[in-house]
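Please read the structure below before turning to the comments.
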Amino acid sequence: MANPNIFFTPTAPPSPCVSNPELEAQIRANRSDEAAYLVYADWLTANGDPRGELAMVQHKRLHAREQEILTANGGFLAGVSPEVASVRWRLGTWEMLRFMNDMDWMDSSFDTRAVASRLFDHPAAACLDELRVGILRWEDQAEDVPALLDEAAGRAFAPQLRKLVFGDGGEMEDVDNAHHSVGDLSVISRAFPRLEELHIWGYEIALGEALELPELRSLRIETCGLSRAALAAVTRPTWGKLERLDVWFGSSDYGSEATLEDLRRLLDGSAIPHVRHLGLMNTELANEIASVLGGAKVLAQLESLDLSMGTLDDAGAGALVAAAPAWKHLKSLNVSRNFLSDDAIAALGEVGPEIIDGEQNDADEEYRYVTVSE
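Just so you know, we're using our numbering here: the sequence shown kicks off at 106 and counts up by one.
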């Protein structure tokens, strides 16, 4: 039986919320058009939906009245506890919806589909621009995340959703990366084809054969163990609009399988022709990457390169110095949280770009490890 506290009844029954698919579609088509929101607000008011007044007081920044309306209507959360979901408003609509079970991660009775369905059914979700998914059930996250995505797929907002974040962007306290399995995310390409930003923090990531997201500008994958299949889903497509790519590879003890050959389409730039920032991070391949950077065609297009959190040592730094003509044009090179001596950092600093060295592990350490290894 589902936990009865997952849903709650506001102290005062909320007024009914209504939907106008035509006006909502106009908002989704041009989110910068404030007038479209205000037309929608007038329609809501005319049809007895308190979100109409909410939109107007938000427009006028009348914060006290805004809180009164939200309180009187249970936050417009469709009866779902604010310890399970939170939103960011924009003129009577949800701009962002965040799932995070702060009630009890260990409650196996938590019904992810029921919670997600109730929220996605709410008219305020029709113009959703950003979806964030944190922990729902500790032992069942790899099932819950795909289930939630399945509920989102096909909703009116899905084809024009622009930002998707898993693992709450790694901002969850006391949660190791290896304890947050996100599971099968292969539905993303089909369900959210106009994503512009995708951030995945977690473990056991499955992306299907290829991520096909032609509008994507920023992709960040943070994991303690990136499988070869997941990496291939990133390197196989040609990213026509991608500007930023950050990949954590993780530890071989947790399933990191990448080889230098697997990075070929990143290093030669063929997969990422417009990327200006590249992060090859948290990897045991750091020295190997450094050894081939001199011939990496992708460097010519980059403004910044991030090699942080890995096993780069003084030998790798020496290879970077030797390849200086290929990267001295960069605005910044991040080599923080590696295994570099002061002398190696000084040698890199003489090349020209800003060197972000940050905190280093002991350069004399015999066993070297990535920063996020579990």
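A virtual CB, placed ideally from N, CA and C, is assigned to each residue, including glycine.
Quick caveat, the model's predicted, so the values are computed rather than measured.
Taking just the CA atoms, how far does G415 sit from N466? Pairing N466 with G415, the inter-Cα distance amounts to about 10 Å.
So, do the stretch 140-151 and the stretch 194-203 have three or more beta carbon pairs nearer to each other than 8 Å? The stretch 140-151 makes contact with the stretch 194-203; the number of CB pairs closer than 8 Å reaches 3 or more.
Tell me the rounded alpha-carbon separation between A405 and A337. Just so you know, the alpha carbons of A405 and A337 end up roughly 23 Å apart.
Within 10 angstroms of the Cβ of D226, are there 16 or more other Cβ atoms? Answer buried if so, exposed if not. Flag for D226 reads exposed.
Span of the alpha helix (DSSP H) holding R295? R295 -> alpha helix (DSSP H) spans I293 to A296.
Do G288 and A247 have their beta-carbon atoms positioned less than 7 Å apart in this structure? G288 sits close to A247, with the two beta carbons spaced by under 7 Å.
Grab me the residues of P126's own chain with a C-beta within less than 8 Å of its C-beta, minus the 5 sequence neighbours each way, in chain order. Apart from sequence neighbours up to five positions away, the residues of its chain that approach P126 with a beta-carbon distance below 8 Å are A231 and A261, ordered along the chain.
Out of G355, A283 and N443, which has the shortest C-alpha to C-alpha gap to N392? Ranking the options by Cα distance to N392, first place goes to N443.
Exposed or buried, S286, counting other C-beta atoms within 10 Å across all chains shown (16 or more means buried)? Classification for S286: buried.
List the endpoints of the continuous beta strand (DSSP E) containing W306. For W306, the enclosing beta strand (DSSP E) starts and ends at E302 to W306.
Is the beta carbon of A424 closer than 7 Å to that of A449? Cβ atoms of A449 and A424: not closer than 7 Å.
In whole angstroms, what separates the C-alpha of R381 from that of G345? Each residue's alpha carbon lies about 12 Å from the other.
Could you have a look at D216 and say whether DSSP puts it in helix, strand or coil? Three-state result, D216: coil.
Using three-state DSSP, classify V162 as helix, strand or coil. V162: helix per DSSP, three-state reduction.
Under 7 Å, do L253 and A221 count as touching if we go by C-beta distance? It is a contact, given that the beta carbons lie within the stated cut-off.
Report all residues from its chain with a CB closer than 7 Å to the CB of N387; omit the five preceding and five following residues, and keep chain order. Taken in chain order, the residues that qualify are W353, F354, G355, M414, G415, V475, T476 and V477.
Between M205 and W148, what straight-line distance do the alpha-carbon atoms span, to the nearest angstrom? One C-alpha to the other measures close to 32 Å.
Minimum C-alpha distance to E200 - residue among L266, G184 and P319: When C-alpha distances from E200 are compared across L266, G184 and P319, the shortest belongs to L266.
Start-to-end residues for the alpha helix (DSSP H) that takes in S396: Counting along the chain, the alpha helix (DSSP H) containing S396 begins and ends at A391 to V397.
Measure the C-alpha to C-alpha separation of D447 and G421 and round it to an integer number of angstroms. One C-alpha to the other measures close to 14 Å.
When DSSP labels each residue in this structure, what does S222 get in the three-state scheme? DSSP places S222 in helix when its eight states are reduced to three.
Quick check on DSSP: helix, strand or coil for V432? The residue you asked about is not Val; residue 432 is Trp in the sequence shown. Residue state for W432 is assigned as helix, using DSSP reduced to three classes.
Cβ separation of A83 and A401, assumed to be a contact under 8 Å, to the nearest whole Å: The requested residue 83 is not part of the displayed model; the chain covers only 106 to 479.
On the DSSP letters alone, give me the boundaries of the alpha helix (DSSP H) that R133 sits inside. Taken as a continuous stretch (DSSP letters only), the alpha helix (DSSP H) holding R133 covers P126 to A134.
DSSP beta-bridge partners for A449? Note: A449 sits in no beta bridge, so no partner.
Is it right to say P378 is buried, meaning 16 or more other beta carbons lie within 10 angstroms of its own, or is it exposed? Counting Cβ neighbours within 10 Å, P378 comes out exposed, since fewer than 16 surround it.
In the DSSP output, what is L383 paired with across the bridge? DSSP lists L350 and L410 as the beta-bridge partner residues of L383.
Secondary structure, alpha helix (DSSP H): runs of 4+ residues fully inside the stretch 305-331: Runs found: none.
Using the Cα positions of E317 and R170, report the straight-line distance between them to the nearest angstrom. Distance from the CA atom of E317 to the CA atom of R170, rounded to whole angstroms, is 44 Å.
Let me confirm a value: R218 is counted as buried when at least 16 other C-beta atoms fall within 10 Å, else exposed. Which label applies? Exposed is the call here.
The alpha helix (DSSP H) spanning A177 covers which residue range? For A177, the enclosing alpha helix (DSSP H) has its first and last residue at H168 to A177.
Should R370 be counted as a contact of the ligand ZN given a C-beta to heavy atom distance under 6 Å? Ligands displayed in this structure: none; no statement on the ligand ZN is therefore possible.
Alpha helix (DSSP H) runs wholly inside the stretch 232-260, at least 4 long, in chain order: With a minimum length of 4 residues, the continuous alpha helix (DSSP H) runs that stay inside the stretch 232-260 are 246-257.
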